[in-house]
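In the working numbering, the protein residues as written are -3 to 903.
Just so it is clear, CB atoms sit at the ideal spot from N, CA and C, and this is done for glycine as well.
Working notes, beginning with the structure itself.
Structure (C-alpha cells):
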C-alpha cells in the first residue's frame, strides 16, 4: 500500500490519470473535513466521464449493504434475487448476489466514486466491486484502517499559503467584481491564515465583506473564530441561520428548510435567505434550490453553539413530522390507508419532491422514534413498491425491519416474478389476518386459483378498503376460472367499493380486471372503455406497472377489433415496458397474446416461438396457470404427431390450478386426437360437462362440432338451440371453416385438425336459466331522444333531450333510491359541435332527470350524432345509438329521424 500526498490544486489529476481507469483498482483520497476530497473526486470523474461515472454518497454512518443497494438503485437491473433474499432474511445470499447484479457488461470500464466512507465499510465494499471489474475511488477522513484493502492511499492536504490566498482572492473577486483591491487582499491575509488551508473555510474568508475584514476580521486567528465571525455578521434571520448551519452534511431543499423553521415566511423569502448564506459561502447551492452545509462549517457551528445539537435535533424533528404527513397523504391513493386528518404542517411535500429526495426521507425514517419509524416505513414502503424501486425498498426493510416494509417487499416480490415463494412464506411463516389478502393475491399471481379462492374464503373482512380488495381478487380469480359474467358483477361492485373507500389505485386495478372479463365475453368496446379509465387512474397515481398491464390487455382489444398491426405495435411496446420494470409475468402474458397476433398474420413459426418464450417466462415467474395455457397452445400449434401424452400432462396442470376452463378445452383437444369414436365420445362428454358448469356456449358449440365430425350422438340441447350474436356468429363460422379445411382423419381414427387458438379467448355465457326455453323476456330500458325546438336559436343551436326510460318491471323503475347514475357522451359524426360533451342522468321518464345537449351544425345537410350511455360508477357501456338531423338551407322545421342502436345492450 503506497501513499502519495497532494494538495487540492496540484498533482492529483496527473496521478489519477495514470491510474489505468477501466482495470479493477481502488484509490482512497483521505484528509480532514473540507479539504476538497469530494471536489477532487468530481474533477477525476469529469476527466473520465466517457468511461462512465457513478457517484454514491455513502455517508459517515452508512453500512456496506445500504451503500451497495444505493449503487444498484441507479441501474434498475435484475431485482428479483435481491428482493427474495431480503424477503427470506438471508443477508449472506443478499450480499453474494450483489456482484452479479453489478452487470459486468455495464459496469466494466466505469468508475465508481464512494463519497465519505469509513474504512470498515469500504473494506466490505471493495471485494464486491472488484469482482464486478470496476475502478473505485473512495473519499474518507480516515487514513488508518485501510491496510488490508490493497488500496492506493492518496492524502489530500490543505492548500499552501500562495494557493490559499489565490482561492480567497478568486472568491472575493467573484463576489465584488472590479472592487476587490490589493489593500483588501492584504487585510484578508489574517483570515486566510485562520482558515488553515481548508478550501471550505478559505471561501468563507474570501466572501467576508471588506468592512468586516478591516474591523473585527483583524483579530481572527483560528477556524472557530473565522466561522463565528461569519455567522455573527451575515444579515439573515438568526433562527434560520442556527437551523441550517447546525445540520450535518446533507442536501437540503428550500422547502425542507422551510419545514425545519417554525415561523411562517413570505413566498421566496427562504430562498433569498439561503442564497445570502450561499453568497457568504456558509452553504453551497449544489443544484437549483438545493443547499448543503460544508463539513467544517457545520462541525464548528455545532461546537460553538451551546444548544447546537439540540437545535439541530428539533429542526430534524419538525422536518420528520412534515415528511410523515406528506408521505401518508401521498400514499393514501396507493395503499387505501386513510389520509392524515390532523392539522397540516406548514410545509407539505408533493410526491415529486418526495421521490426526488427519497434518500433523505429514508434517512429520516431510519433515525425516527419507534412510532414514527413505523409510519414512515409503511408509507415509504408503499411508495417504493409502487414505483418499482426495489433496491431502495430492500435497504429500507433491512434498516427498519417492520411488518409494513416486509409486506411491501412481498408485493414487490410477486410483481418481480416470485409469487409462489411469497405465497408459501405468507402461508407458513406470516399467516396472520393482516396478510390474508396478500396471501390470496400471491396465490392468484402464481396461477393457483383454487388456493387463491380458499384463501379469500378464510379472510375476515372488516375495513371498507379490505372489502373492496376482496371483491376485486375474487372477481379476478372468477374470470380466470372461465366465468366472466359472474366476474363482471363482482368487479363492478369492486370498482364502486374502491371509489367509496377512497382508494384510486385499487379502483384502477378493478377496472383493469373488469376489462379482462369483458374481453373474455368478446365485448371489446366495453373492455377498451374500462382500460382507458384504468390507464387514466394509473397515470394519476403513478403506477407504471399498472399502465404496462393495460397495454398488454389492449393487445387483445385490437385483436378482437381485427386491427392486427396495432396489436403487434402495442405488444412490442408492452414487452419493452415489462422488461424495463422487471415484470416477468407481464412479459409472459404479452408473449402469450403475441402468439395470436402472429397466427392472425399467418406466421405460424413465429407464433410457436412467441408461445415457447411465453412458457419460459411463466416457468421463470412461477405462474402455473400461464404455464399450463402455454403448453396447451404449443400442443395445438405442434406439427402432426402424437401429443396425447403431453395433453395428459397439460390436463393435470390445469387440474392443479383449478382452472375448469383450461380443463374443458384440453379435454376437447384430447377428443380431437383420440383413437376412435368411443374414447372421443368420453372426452367430449367430459368437456361438455365442464362447459355446462361454466355456462360456456362457445365451448359447447365446438364440442357439438367434434361430435358431428366423429358422428357421435348429439347430447347438448343447450348448444344446438343457441343463436349467437351476429359478430360472434361470423367469427365462429370463420373458425369452423378453418377447422373443416384441416380435418384429415388418419387410418387409426385420429385427426390433426386444429380448433383455432382464438376460440378459447371468448366465452358466451348461457341465459340465467338455460333449461327454460319459454322464460319471459328480461325487462329492458329504452333510450328516448326528443328534439326540444323546431327552429334553431339565435346561435343556430338545436336542443336534444336524452332519457333512459326503464320498462315497468325493470328494477330501475321500481327502486327510486337504487337507480344508478349514468353518463351520456355525445359525439357529432359530421361537421357540428355538441355541448356539453358528457352529461349525467338517471333512468327515468321524467324530462328533469334526463340529459340535455345543444347541437350546433356548421353547415346545412344531413347530420349524425352518436350517443354512448354507460354506468357512471364502472364505465361499463350499456348502449350506443345514432340519430340524424336534417338541417335545411332555410330555417324551416327540421325532422328528427328515429334513433337506431349500434351496440344493443339490455339491462
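For residue 883, count neighbouring C-beta atoms within 10 Å of its own C-beta (all shown protein chains included) and say buried if the count is 16 or more, exposed if not.
Along the chain shown, read from residue 1 onward, the residue named residue 883 stands at position 887. Per the 10 Å Cβ criterion, buried.
In terms of DSSP beta bridges, what is residue 875 paired with?
-> What you label residue 875 is simply residue 879 of the chain shown in a count that begins at 1. Answer is 865.
Query raised in the report: In whole angstroms, what is the alpha-carbon distance linking residue 52 and residue 111?
Result: Residue numbering aside, residue 52 sits at position 56 when the chain shown is read from its first letter. Residue numbering aside, residue 111 sits at position 115 when the chain shown is read from its first letter. Counting only the Cα atoms, residue 111 lies some 6 angstroms from residue 52.
Between residue 291 and residue 239, is the Cβ-Cβ spacing less than 9 angstroms?
Stepping through the chain shown from its first residue, residue 291 is reached at position 295. Stepping through the chain shown from its first residue, residue 239 is reached at position 243. No, the Cβ-Cβ distance between residue 291 and residue 239 is not below 9 angstroms.
Along the beta strand (DSSP E) that carries residue 52, what are the first and last residues, could you check? Indexing the chain shown from 1 puts residue 52 at position 56. Residue 52 -> beta strand (DSSP E) spans 49 to 53.
Do you know offhand how far residue 905's Cα is from residue 551's?
Residue 905 lies beyond the range of the chain shown here (-3 to 903); nothing can be said about it.
Q. Should the stretch 397 to 407 be regarded as contacting the stretch 366 to 386, the criterion being three or more beta carbon pairs within less than 8 angstroms?
A. yes
Under the three-state DSSP convention, the category residue 148 falls into: On the chain shown, residue 148 is found 152 positions in, with the first residue counted as 1. Strand.
(Q) What does the alpha-carbon distance come out to for the pair residue 608 and residue 559? (A) For the purposes of this step, residue 608 is taken as residue 612 along the chain shown, with counting starting at 1. For the purposes of this step, residue 559 is taken as residue 563 along the chain shown, with counting starting at 1. Taking the straight line joining both Cα atoms gives about 24 angstroms.
**Prompt:** According to DSSP, what are the bridge partners of residue 853?
**Reply:** Position 857 of the chain shown, counted from the start, is the residue given in the question as residue 853. Residue pairing by DSSP places residue 853 opposite 828 in a beta bridge.
> What's the call for residue 875, buried or exposed, on a 16-neighbour Cβ count within 10 Å?
Replying inline: Position 879 of the chain shown, counted from the start, is the residue given in the question as residue 875. Result: buried.
key: Cut-off 8 angstroms between Cβ atoms - residues of its own chain near residue 904, not counting five sequence neighbours on either side   = Since the displayed the chain opens at -3 and closes at 903, residue 904 lies outside it and no answer follows.
| request: Could you check if residue 492 is buried or exposed, using at least 16 other CB atoms within 10 Å of its CB as the buried criterion? | output: Position 496 of the chain shown, counted from the start, is the residue given in the question as residue 492. By the 10 Å Cβ count, residue 492 comes out buried.
Exercise for the section: Assess, as a yes-or-no matter, whether the stretch 419 to 437 is touched by the stretch 593 to 605 under the definition of 3 or more beta carbon pairs within less than 8 angstroms. Expected result: no
- Message: Can you look up residue 638 in the DSSP assignment and give me helix, strand or coil?
- Response: Start at 1 with the first residue of the chain shown, and residue 638 comes out as number 642. In the three-state scheme derived from DSSP, where H, G and I count as helix and E and B as strand, residue 638 is classed as coil.
- Would you mind stating whether residue 235 and residue 216 have Cβ atoms separated by less than 9 angstroms? What you label residue 235 is simply residue 239 of the chain shown in a count that begins at 1. What you label residue 216 is simply residue 220 of the chain shown in a count that begins at 1. Contact: no.
With H, G and I counted as helix, E and B as strand and the rest as coil, what does DSSP make of residue 116? For the purposes of this step, residue 116 is identified with residue 120 of the chain shown, where counting begins at 1. Helix.
*Coarse secondary structure for residue 580, derived from DSSP in three states*: For the purposes of this step, residue 580 is identified with residue 584 of the chain shown, where counting begins at 1. Correct three-state label for residue 580: helix.
Quick check on residue 883: does DSSP put it in helix, strand or coil? As a working mapping, residue 883 is identified with position 887 in the chain shown. Of the three classes helix, strand and coil, the one that applies to residue 883 here is strand, per DSSP.
Report buried or exposed for residue 387, applying the criterion of at least 16 other Cβ atoms within 10 angstroms of its Cβ.
Mapped onto the chain shown, residue 387 falls at position 391. Under this definition residue 387 is a buried residue.
Problem - Neighbourhood of residue 266 by C-beta distance below 8 angstroms, restricted to the same chain and skipping five residues each side - result: In the chain shown, counting from the first residue as 1, residue 266 sits at position 270. Excluding sequence neighbours, residue 266 sits near 236, 250, 253, 254, 257.
Would you kindly check if the distance between the Cβ of residue 381 and the Cβ of residue 349 is under 9 angstroms? Here the question's residue 349 lines up with position 353 in the chain shown. Here the question's residue 381 lines up with position 385 in the chain shown. Contact: no.
| field | Delimiting residues of the alpha helix (DSSP H) encompassing residue 803 | value | Sequence index remark: in the chain shown, residue 803 carries index 807 (1-based). Per DSSP, residue 803 belongs to no alpha helix (DSSP H) and is neither H nor E.
Taking 6 angstroms as the limit between beta carbons, can you name the residues of its chain near residue 176, skipping five residues before and five after? The count along the chain shown starts at 1 and reaches residue 176 at position 180. 168, 169.
*With respect to the beta strand (DSSP E) encompassing residue 230, which residues constitute its N-terminal and C-terminal limits?*
Translated into the one-based positions of the chain shown, residue 230 becomes position 234. For residue 230, there is no enclosing beta strand (DSSP E), as DSSP marks it with neither H nor E.
#### Entry: Helix, strand or coil at residue 678 [DSSP, three-state]
The sequence position of residue 678 within the chain shown is 682, counting from 1. Helix, per DSSP.
query = Using DSSP with H/G/I as helix, E/B as strand and the rest coil, what is residue 17?
reply = Numbered from its first residue, the chain shown carries residue 17 at position 21. At residue 17, the pLDDT of 45 sits below 50, so the modelled position is not reliable; the number obtained from the coordinates is stated separately. DSSP places residue 17 in coil when its eight states are reduced to three.
Thinking C-alpha only, which one of 140, 419, 147, 137 is nearest residue 908?
Residue 908 lies beyond the residue range present for the chain, which begins at -3 and ends at 903; the question has no answer from this structure.
**Message:** Within 10 Å of its beta-carbon, does residue 117 have 16 or more other beta-carbons around it, so buried, or fewer, so exposed?
**Reply:** As a first step, residue 117 is located in the chain shown; it is residue number 121 there, counting from the start. So residue 117 ends up on the buried side.
On a Cα-Cα basis, can you pick out the residue from 199, 646, 297, 23 that is closest to residue 126? Within the chain shown, residue 126 is the residue found at index 130, counting from 1. Of the listed residues, the one whose Cα sits closest to residue 126 is 23.
inquiry  = Under DSSP, the alpha helix (DSSP H) around residue 267 begins and ends at which residues?
reply    = For the purposes of this step, residue 267 is identified with residue 271 of the chain shown, where counting begins at 1. Where residue 267 is concerned, the enclosing alpha helix (DSSP H) stretches over 265 to 275.
In whole angstroms, give me the CA-to-CA distance for residue 490 and residue 319.
Looking up residue 490 in the chain shown gives position 494. Looking up residue 319 in the chain shown gives position 323. Taking the straight line joining both Cα atoms gives about 32 angstroms.
| message | Could you compute how far the alpha carbon of residue 629 sits from the alpha carbon of residue 621? | response | Walking along the chain shown from the start, residue 629 turns up at place 633. Walking along the chain shown from the start, residue 621 turns up at place 625. When rounded, the distance between both Cα atoms is 12 angstroms.
Exercise for review: Grab me the residues of residue 465's own chain with a C-beta within less than 7 angstroms of its C-beta, minus the 5 sequence neighbours each way, in chain order.
Suggested key: Against the chain shown, residue 465 aligns to sequence position 469. So the qualifying residues of the chain are 433, 502.
Quiz item: Looking at residue 471 and residue 510, is the spacing between their C-beta atoms short of 9 angstroms?
Solution: As a working mapping, residue 510 is identified with position 514 in the chain shown. As a working mapping, residue 471 is identified with position 475 in the chain shown. Yes, the pair counts as a contact, with Cβ atoms nearer than the cut-off.
Pair within 9 angstroms by beta-carbon distance, residue 864 and residue 836: Along the chain shown, one-based indexing puts residue 864 at 868. Along the chain shown, one-based indexing puts residue 836 at 840. No, these two residues do not count as a Cβ contact at 9 angstroms.
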